[in-house]
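Peer 1: The structure's right below; bear with me while I get my questions together.
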Amino acid sequence: MDTHGHEPERRIAGEGDWLRRVRAFDWASTPLGPLTSWPHSLRTALQLHETEIDHLRRLQGLSTRLVRNDEDEDALLQEVVAAAIAITGAQSGDLRLVHDDGALALIASQGFERSFADFHRAVDATQVADETASTARRLLIDDIAESPWFDDTTRAALEACGIRSLQSTPLLARDGRVLGVLSTHHRDGVPGERDLLLLDLLIRQAADWIERAHATEQLEDSERRLHTILHQTVAGILIADADGCLTYVNRCLCRMLGYPEDELIGKHIAAITDPTCLEPTLDGVRRLESGMPSLTLEERFLRRDGQAIWSSASVTSLRGPDGSYEGLIAVIIDIGDHKRLEVSLREQADRLELALQTGRLGTWHLDLLTLETQASDQCKANFGLAPDERLDFQRAFEEMIHPEDRDAMRKALAQTIAAHGHYDAEFRVIWPDGSVHWIVSRGRAVYDADGRAIAMTGVNFDDTDRRGAVEQLRENEAQLRRTIEDAPLALALHADDGEILNLSRHWTELTGYTKDDAPVLQDWLRRAYGIRNGGFGEAIERIFGGDHAMVQTDIEIVTRNGQPRTWSLNASSPGKLRDGRRYVVAMALDITERKRAEALMRRSAARAAFRVSLSDLLRPLHDTVEIQCAAATALCEHLGADRTLYAEVDENGNTVQVHTDHCREGMPSASGRHELTSFGDEMGHRLRAGRTVVLDDAHASSTLGQHERDAYERVHVRAHVSVPLVKEGRLVALVSVHQASPRLWAGDEIALIEETAERTWAAIARARAENAVRESEARLEAELADATLLQSISAELVHEESEDALYENLVGAAMAIMRSQFAVLQRLHPERGAGGQLELLASRGFEPQDTADWTWIDAGPASRNCSAQALRAGQRITIVDVDHEPQLGGTADLDRYRHAGVAAVQSTPLFARDGEIVGMLSTHWTRPHVPAERDLRLIDILARQAADLIERRQALEDLRFADRRKDEFLATLAHELRNPLAPLRNCLHILRAREGDDAQLHKLHGMMERQVSHMVRLVDDLMEVSRITRGEIELRKQRVSLRDVLETAIETSRPLLEQANHHFELDVATESMQLDADPMRLAQVFTNLLNNAAKYTPGGGNITLQTHRDGDVVEVRVRDNGIGLTAEMLTEVFDMFTQSEHGRAHSQGGLGIGLTLVRSLVEQHGGTVEARSAGLGEGSEFVVRLPLADVVHVEEGGDWPVVRQRNAMSIVVADDNHESADSMALFLQMRGHDVRTVYDGRAALDAIAERLPDVVLLDLGMPTLDGYETCQKI
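Each number in our numbering comes from the position in the sequence shown (counting from 1) with 102 added on.
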């Protein structure tokens, strides 16, 4: 097969001539005869031979193309599939190769009428290829119809495509790995043995080519990545040959030395080495030549501009296959910054206290006059001596200091003394065991008054470990590829999606993480680059912004075993991988010790600054709570704690009171009282013994039980430091610092807390002493002012006419005496509610909306208000802290206190001269408060004055009320006495005008008789009033039946009930209930109640009388659905001369003493009476409760009915007194007038609208509409 751009396929040697000769030969002259006459089997054999030769020729051509490097890979793979189809006589075929994830991926296909994807959507033949790959063996299927590999759907689809059989052969690498699968599909059965042999030859060629292509690609990718890493790493790398000449340098080294790459190549190592370090460098090279595999040098390299830079070089020898030395490779890191940092740290360490044992630091002192040497144990250890051995100055120079360093040391000492400067030297010492160690020594000279050096003092440390060797590099190309893994520094290569491509062993040693810990390391990398949200790739792109960009920063890490470390991170992004991802090379240097030294200095400075600021903060304060708060705030913020408090301890040494604390956001306050035993007996013992308690984690503590852990959980504490203040043998206070999470407290932190506790106690003691003096002076002034205030209030009570002004002055004085923020004065109304109600007279300090709910306070058992509690207790009640008062918990009263800003309250009852409580005087504070005894004594004096004021006001109100009732009584009496007189006068006029009409005279006589009876009843009522007021009603008690008494009362009231068309229902218990009672008076009680119900219920109403036994008491209820009563009238309705404003329209005469008489008679019988109503229009109910006797009797009394008449005349006369209206109508009619009579205001309006009269006579008190309302509507 010819391919464009390639030579035509070569035929097999001799094949072309042989076939031509066979075909050109005259076979007709032979016994075989012409070709066309040959037997079928012979012609078939010739054709097969031709076919095999064609296949071999094709395989030879394909083999030639497979070994070339310029062939198109896709075209070659398609040619492999085509050759397989031709060899096996198949109709179609496909080639699948194993992908990186192990799955088979389609590479090439031929012979399909439609696309291969469409074919496989209809036919799932992948199972055969997968089976071939998994078993690495050829799979032949002679008949698809009988094969178990396919389901019915797939089998039908294959047969529809004309496929009856197939074969699948694996492509195997030389090591047995499966590289892919080549499959062919057939209509007439699987290929024969010869075809399969040719197919195996084809597959072998294809497998070798694929394996070689993969290896070449991986090698190129590895070399490309290796060279990129070498050029882009943040460490300098060089390779030198056996003569010491440079053969390779990376870009980092070029930047480090300031050379272009072409100038460095070919230079000798000595040309870029500082002469002062040349000999050690060449000595190191010689050691590598002599067989040492690797070493680490710290030397100075020369830049192109002549500047010397300090570097650390990790050098590894390169050796040939026979082990001969061929050169070296060095990884070079610029440590100039670290060298300068070392100098800085040494200078700082010289200013710090030499007692700080940071690292292996030894101290020494040399007397220059006697050469006597004093050395610490660590200093001796640095010279290889035991603590009990003596370090002699002379011996050190003659035997211990390396001979090569002795002269330099002498010069350094002499120069230091002469220059009055600091001594700084690095030298080697030979230990007694022969080992050589590097020593770094720092010091200064001490001079006398004449300027003569008398001594030298300083420190030293063993620097041998820092100069140790780093990781060795591998010798060959494989070593170069794993440079990152073997690099003697923390080196990592990762992609921008977080995938870890490679790690150095040093990285793993420092962190404990390996490349297999990819998920953990990805999160680590996000923190390293400060990535919190968003895609990792986008963040890397933002950070580096392009190829060759670099990032340098310090980061905090945590190793796998949980140790925190600080790294100096240097990272660069050289470019992108073949798949388009950006990759990053990161190198890190552990600077933990340097950071710790810096942090130690910062903490020391911060502690000193804290001490100064605390002193400045506490000095001007005089209030002990402010001192506690200021100290707690400063300490909490300095330590970064969650909560800090100062607590005072009571006399028993167990209860602590926290007045104030400082809490960070999210931490609740711990103010209040706490028991030390809640946190374990051990804690109380330690604190009372004066020992500081330190707890790092309450959950992990083995000394705490579950009860103590729960106690810590309730106050949100996991770790704390508590410092006791024991004075004169008693625990008086403590300072406690809390953390809501576990915390390992440092020793300097604990010491600072202890020091702060003592400073706070001293400041509080000072403030208390100063305050005691001020309070003594203020107390005298306050007592004088209070006496003056009380005197002025007493004077105002005598001269001030405005009671409201006096009330305001009283609450103002109460606030001043009690030093409170609020005060209220209340008056008791015992008649309101079950336990009385307190009326707000005056308040001070509250907002108007806060006192709205306190205008009236129910003093019943359900109320938890402090005033109500004091009223029920009959003595002063003080609530020190409303939030911790059990009786207020979860009540509306607590919510009101909190809303008004009240934290503490006291309520003092106001007692009248007769010992009865008349009101309440209360003061309130915005913070928890305990009133002083002096304040309470003064408030009691003020309460006496307030009680007198309220008692005087009550007396004046009672006097005004009695006077108003007297006026009302006189007006009612006059009106009621005039009502019967008018009909009598009218009758007399009529009798005078008419004579001889017996019927009319009889009627008039009846009217006069009834009116006279009415006047008699009025006079009887007046007499009853007199008896009630003087208490002269006498009872004639006897054993009576309650049923008989009730029947008498009902019989008496029946005319009035029937007249109003009321529906009356009687529900009396069948059992016999007997009373010791006056039957006439008791019947009078129920008659009055029934008459009231009849009068104040509109016509056709419902009235019920019901009895019910409750133990030794009988309960009689009279219920109606009439006009009802207001809440105020429920108690006033039993007062003398009381008539409801809403009921006057329904009144049919009377003085308003009926219910007063009811209450008096019931109480004389040892019972009670109560009025109930849901409000106006909701009806009323009167409940009489009487004690039962052993046996029951009955008697009855009487009352008079009210008769209503109706008449229609000319002039409109409106009066609810029928007889008065009728007599007036008769009198006017006799005078010749056209009179119409009506008996209520509404009928009067109708009659006026109908008749348009000239004159209208209106009574004032009428039902429906009274005279005033009717007159207004006219």
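Positions of the beta carbon are idealized from the N, C-alpha and C atoms, including for glycine.
Fair warning: this is a prediction, and the values are worked out from it, not measured in the lab.
Drop a sphere of 10 angstroms on the beta-carbon of Gly1364, count the other beta-carbons inside from all chains shown, and report buried for 16 or more, exposed for fewer.
Peer 2: Looking at the sequence provided, one finds Met at residue 1364 rather than Gly. Met1364 is buried by the Cβ-count criterion.
Peer 1: Is there contact between the stretch 301-320 and the stretch 394-402, where contact requires at least three CB pairs shorter than 8 Å?
Peer 2: no
Peer 1: Which whole-angstrom value is the C-beta distance of Ala1179 and Val1218, which I expect to be below 8 Å?
Peer 2: Separation of the CB atoms of Ala1179 and Val1218 is rounded to 12 Å, and the pair is thereby denied contact status at 8 Å.
Peer 1: For Ala275, tell me which candidate among Ala238, Thr610, Gly386 and Cys263 has the shortest Cα-Cα distance.
Peer 2: Ala238
Peer 1: Between the Cα of Ala1196 and the Cα atoms of Gln1176, Glu1173, Gly1226 and Val1170, which residue gives the shortest distance?
Peer 2: Gly1226
Peer 1: Helix, strand or coil for Asn1163, going by three-state DSSP, please let me know.
Peer 2: coil
Peer 1: For Asp297, count the other beta carbons within 10 Å of its own beta carbon; 16 or more makes it buried, fewer makes it exposed. Which is it?
Peer 2: A residue is called buried when at least 16 other Cβ atoms come within 10 angstroms of its Cβ; Asp297 meets this threshold and is buried.
Peer 1: Could you tell me how far apart the beta carbons of Leu178 and Gly282 are, in whole angstroms, since I believe they sit closer than 8 Å?
Peer 2: The pair is not a contact, with the Cβ atoms about 14 Å apart (cut-off 8 Å).
Peer 1: Terminal residues of the continuous alpha helix (DSSP H) containing His809?
Peer 2: Gln808 to Arg816
Peer 1: Opposite Tyr748 in the DSSP bridges: which residues?
Peer 2: DSSP lists Thr762 and Val837 as partners of Tyr748.
Peer 1: Which residues does DSSP pair with Arg1287 in a beta bridge?
Peer 2: Glu1217 and Thr1270
Peer 1: Which value, in whole angstroms, describes the spacing of the CA atoms of Leu241 and Trp311?
Peer 2: Between Leu241 and Trp311, the C-alpha separation is close to 23 Å.
Peer 1: Decide if Gly560 is buried, meaning its Cβ has at least 16 other Cβ atoms within 10 Å, or exposed.
Peer 2: buried
Peer 1: Output the distance between the C-alpha atoms of Ser1322 and Leu1012, rounded to the nearest integer angstrom.
Peer 2: Roughly 55 Å between the two C-alpha positions.
Peer 1: Just mark Gln1430 as buried or exposed, buried being the case when its beta carbon has 16 or more other beta carbons within 10 Å.
Peer 2: Residue coverage of the chain in this structure runs from 103 to 1376, which leaves residue 1430 outside it and unanswerable.
Peer 1: Could you tell me the distance, in whole angstroms, from the CA atom of Gly1213 to the CA atom of Val1340?
Peer 2: 52 Å
Peer 1: Since Thr655 and Lys697 are thought to touch, with beta carbons under 8 Å apart, how far apart are those beta carbons, to the nearest angstrom?
Peer 2: No, Thr655 and Lys697 are not in contact; Cβ-Cβ is about 13 Å, not under 8 Å.
Peer 1: Leaving out the 5 sequence neighbours to the left and right, which residues in its chain are closer than 6 Å to Gln1374 when beta-carbon positions are compared?
Peer 2: none
Peer 1: List the whole-angstrom C-beta distance separating Arg1183 from Leu1263, where the pair is believed to meet the contact cut-off of C-beta under 8 Å.
Peer 2: 5 Å
Peer 1: Taking Thr779 as the reference, which of Pro272, Leu1278, Asp494 and Glu810 has the closest Cα?
Peer 2: Glu810
Peer 1: Starting from Gln1176, follow the beta strand (DSSP E) in both directions and report where the run begins and ends.
Peer 2: Gln1176 to Ala1179
Peer 1: Within 10 angstroms of its Cβ, does Gln1176 collect 16 or more other Cβ (buried), or is it exposed?
Peer 2: buried
Peer 1: Who pairs with Trp47 in a beta bridge, going by DSSP?
Peer 2: Residue 47 falls outside the range modelled here, since the chain spans only 103 to 1376, and no answer is possible.
Peer 1: Using CA atoms only, rank isn't needed, just tell me which of Asn1319, Glu883, Val1285 and Asp1222 is closest to Gly1279.
Peer 2: Asp1222
Peer 1: Given this structure, state the Cα-to-Cα distance separating Gln1161 from Pro1200, to the nearest angstrom.
Peer 2: Roughly 11 Å between the two C-alpha positions.
Peer 1: Whether or not the stretch 700-719 and the stretch 811-822 are in contact is what I'm after, with contact meaning three or more pairs of Cβ atoms, one per stretch, closer than 8 Å; do they touch?
Peer 2: no
Peer 1: Exposed or buried, Leu463, counting other C-beta atoms within 10 Å across all chains shown (16 or more means buried)?
Peer 2: buried
Peer 1: With distances taken between CB atoms, is the gap from Gly195 to Leu284 smaller than 9 Å?
Peer 2: yes
Peer 1: Nearest to Thr1228 by alpha carbon, out of Val538, Arg934 and Arg662?
Peer 2: Arg934
Peer 1: Please specify which runs of the beta strand (DSSP E), each continuous and at least 3 residues long, are wholly inside the stretch 710-754, giving them in chain order.
Peer 2: 745-751
Peer 1: Taking Cβ to Cβ, would you say Val796 is nearer than 9 Å to Trp847?
Peer 2: yes
Peer 1: Ala707 and Val837 - do their beta-carbons sit closer together than 9 Å?
Peer 2: no
Peer 1: I need the DSSP call for Gly1363, collapsed to helix, strand or coil.
Peer 2: coil
Peer 1: Helix, strand or coil, according to DSSP, for Trp251 in the structure here?
Peer 2: coil
Peer 1: Within the chosen definition, does the stretch 763-771 reach the stretch 785-792 through at least 3 CB pairs nearer than 8 Å?
Peer 2: no
Peer 1: If you draw a straight line from the alpha carbon of Thr746 to that of Tyr631, how long is it in whole angstroms?
Peer 2: About 35 Å.
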